[in-house]
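Heads up, the thing below is written out as structure tokens.
Quick look at the structure:
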């Protein structure tokens, strides 16, 4: 009988179906955290899938133990909610069981985690050189072309800006299907990204697929090689401590990471190692204090550890960049109001006219309400004048735009990514639980977390 790759794939699927994942949730053994244990047949990418599911629920990881040496995978996570309490909501616990347990689909590849198709909206991916007022210009173009931004995120790091946005046609309220209009959108947005310097690298991609926004942003910035660029204005006391050494007796490379703890740190590091095609065989995470410690025993997917100084430096740089992208050195502004076409364009225009630059943005629309978070800094690099913030709030609305932090000292206190735990129930009720590897943005918190 002749052999084929399809036969191997079918055999692997059969083995996985015969050994479905087992999820054990324990609220008794630890007094200050819920313990979630996942056992499964091993495959590349399953660790990221598990971490992604728990991260999208805005859980805080206090400890983790990872073991996937051989054909079996076992993870143990100590998690809490945003207030440091155990996870006791039965609806949430049931969701975890169904999302990570025996209902899991094994057809998802590591390159399509969280991917679904959609005709409800169009996805626009943008990457180019960052500059003051860039988001305002992009939003103005979309409003001019009668596009409404429903959800999205904007990250800036090492002089580069990347964004993933969900947009709809203003008239139909659905995805933009006209090929000519899509072509115009791509061309005009790309022109804005390039600016006056046409040699600047810029890219615009329009599609009708839906992917996990935060993972896609990591992939885009990694492909753009933002980790190789000069780190302008990066404070040494904020820089993560990343080291890679080889454990020759066991033929592993050992990665250690020490940095200030923050939400989604585990996702960022596992996402980067997975996309760089490294396999985590063993891991230990401790984040019970203000500083997080992570240790991973890794090999490249080809079975070899890190085998050169150049590769070692690349792993270090990429992990540093993944950690730094999430933290925004800016004043945090939260906007909540009734959504309307052009709202994002108007708000970002006001920021630009008041010499503020957006370093990070998270845009979400829920039940007709716009819930947006902006991290802003002074375009010239100076501390923000509190009078400017007062003026902006008066123009936009005192109750609509709220300030988190002190405008006079924001540059010394980097803001962490916001976490909206009140949206957990929306996740569970909106579409219901889905299998591990099938969670799309409509089922997760990624567009507002």
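In the UniProt record's numbering, the protein residues as written are 1 to 449.
Cβ coordinates follow ideal geometry from the N, Cα and C atoms, glycine included.
Just the Cα atoms here: how many angstroms apart are residue 340 and residue 310? Position 340 of the chain shown holds residue 340. Position 310 of the chain shown holds residue 310. If you take the alpha carbons of residue 340 and residue 310, they lie about 50 Å apart.
Identify which residue in 208, 192, 262 and 158 has its Cα closest to the Cα of residue 182. Here residue 182 corresponds to residue number 182 of the chain shown, with the count starting at 1. Ranking 208, 192, 262 and 158 by Cα distance to residue 182 puts 208 first.
Option in 294, 212, 284 and 264 with minimal Cα separation from residue 243: Position 243 of the chain shown, counted from the first residue, corresponds to residue 243. Of the listed residues, the one whose Cα sits closest to residue 243 is 294.
Are the stretch 125–132 and the stretch 155–167 in contact at 8 Å, needing three or more beta carbon pairs? yes
Here's the rule: buried if 16 or more other CB atoms are within 10 angstroms of the residue's CB, otherwise exposed. What is residue 49? Position 49 of the chain shown, counted from the first residue, corresponds to residue 49. So residue 49 ends up on the buried side.
Cβ-based neighbour list, residue 378, same chain, cut-off 7 Å, excluding 5 preceding and 5 following: Along the chain shown, one-based indexing puts residue 378 at 378. Cβ neighbours of residue 378 beyond the five flanking positions: 355, 356 and 384.
May I have the straight-line CA-CA distance separating residue 75 from residue 98, to the nearest angstrom? Here the question's residue 75 lines up with position 75 in the chain shown. Here the question's residue 98 lines up with position 98 in the chain shown. Their Cα atoms are separated by approximately 17 Å.
Buried or exposed (CB count within 10 angstroms, at least 16 for buried), residue 241: Along the chain shown, read from residue 1 onward, the residue named residue 241 stands at position 241. Exposed: under 16 other Cβ atoms inside 10 Å.
Along the alpha helix (DSSP H) that carries residue 318, what are the first and last residues, could you check? In the chain shown, residue 318 corresponds to position 318, counting from 1. Start and end: 309–326.
Extent of the continuous alpha helix (DSSP H) run through residue 347: As a position in the chain shown, residue 347 is number 347, starting the count at 1. Unbroken alpha helix (DSSP H) run through residue 347: 343–353.
DSSP state of residue 95, grouped into three classes? As a first step, residue 95 must be located in the chain shown, where it is residue number 95. Reduced to three states, the DSSP call for residue 95 is helix.
For residue 360, write down the residues that DSSP places opposite it in a beta bridge. Locating residue 360 in the chain shown gives position 360, counting from the first residue. Beta-bridge pairing links residue 360 to 155 and 375.
Residues that DSSP places opposite residue 392 in a beta bridge: In the chain shown, residue 392 corresponds to position 392, counting from 1. The partner list for residue 392 (beta bridge, DSSP) is empty, contrary to what the question assumes.
At least three beta-carbon pairs within less than 8 Å, the stretch 387–397 to the stretch 185–197: no
By Cβ distance below 6 Å, which residues in the same chain neighbour residue 388 in space, the five residues on each side in sequence not counted? What you label residue 388 is simply residue 388 of the chain shown in a count that begins at 1. These residues qualify, in order along the chain: 354.
Over what stretch of residues does the beta strand (DSSP E) that includes residue 298 continue unbroken? As a first step, residue 298 is located in the chain shown; it is residue number 298 there, counting from the start. Counting along the chain, the beta strand (DSSP E) containing residue 298 begins and ends at 291–300.
Can you tell me which residues form a DSSP beta bridge with residue 331? In the chain shown, residue 331 corresponds to position 331, counting from 1. The partner list for residue 331 (beta bridge, DSSP) reads 376.
From residue 219 to residue 84, what distance separates their C-alpha atoms? In the chain shown, counting from the first residue as 1, residue 219 sits at position 219. In the chain shown, counting from the first residue as 1, residue 84 sits at position 84. So the two alpha carbons sit approximately 31 Å from each other.
Proximity of residue 80 and residue 60 at Cβ, strictly below 7 Å: Indexing the chain shown from 1 puts residue 80 at position 80. Indexing the chain shown from 1 puts residue 60 at position 60. Yes, these two residues count as a Cβ contact at 7 Å.
With DSSP run on the structure shown, which of helix, strand or coil describes residue 336? Against the chain shown, residue 336 aligns to sequence position 336. DSSP places residue 336 in strand when its eight states are reduced to three.
3-residue-minimum beta strand (DSSP E) runs that sit fully inside the stretch 215–294, ordered along the chain: 241–247, 252–260 and 278–286
Mind checking whether residue 137 and residue 192 have CB atoms under 7 Å apart? Here the question's residue 137 lines up with position 137 in the chain shown. Here the question's residue 192 lines up with position 192 in the chain shown. Yes; because the gap between Cβ atoms is below 7 Å, this pair is in contact.
Quick one: which unbroken beta strand (DSSP E) runs of 3-plus residues sit fully inside the UniProt domain "ACT" (123–210)? Chain order, please. 147–157, 160–169 and 203–207
Check residue 37 in the structure and name its three-state DSSP category. The residue given as residue 37 occupies position 37 in the chain shown. Strand at residue 37.
Should residue 371 be labelled buried (16 or more other beta-carbon atoms within 10 Å of its own) or exposed? By one-based count along the chain shown, residue 371 stands at place 371. It counts as buried.
Could you tell me how far apart the beta carbons of residue 262 and residue 281 are, in whole angstroms, since I believe they sit closer than 8 Å? For the purposes of this step, residue 262 is taken as the residue at position 262 of the chain shown. For the purposes of this step, residue 281 is taken as the residue at position 281 of the chain shown. Incorrect: roughly 26 Å between the Cβ atoms, too far for contact.
What's the C-alpha gap between residue 96 and residue 180? Position 96 of the chain shown, counted from the first residue, corresponds to residue 96. Position 180 of the chain shown, counted from the first residue, corresponds to residue 180. Their backbone Cα atoms lie some 43 Å apart in a straight line.
Let me check understanding here. Comparing Cα to Cα, which of 216, 45, 266 and 288 lies closest to residue 58? In the chain shown, counting from the first residue as 1, residue 58 sits at position 58. The shortest Cα separation from residue 58 among 216, 45, 266 and 288 belongs to 266.
Residue 423 to residue 338 span [Cα, whole Å]: Against the chain shown, residue 423 aligns to sequence position 423. Against the chain shown, residue 338 aligns to sequence position 338. The predicted position of residue 423 is uncertain, since its pLDDT is 38 and thus under 50; no value can be drawn from it.
Could you check if residue 155 is buried or exposed, using at least 16 other CB atoms within 10 Å of its CB as the buried criterion? Locating residue 155 in the chain shown gives position 155, counting from the first residue. Result: buried.
Write down the C-beta distance between residue 305 and residue 253 rounded to the nearest angstrom, noting that I regard them as a contact closer than 8 Å. Taking the chain shown and counting its residues from 1, one reaches residue 305 at position 305. Taking the chain shown and counting its residues from 1, one reaches residue 253 at position 253. That pair is a contact at about 4 Å.
Distance cut-off 6 Å: residue 126 Cβ against heavy atoms of the ligand HEM: Absence of the ligand HEM from the depicted structure is noted, as is the absence of any ligand whatsoever, leaving it without description.
Proximity winner among 43, 92, 330 and 65, relative to residue 514 (alpha-carbon distances): No information on residue 514 is available, as it lies outside the stretch 1 to 449 that the chain covers here.
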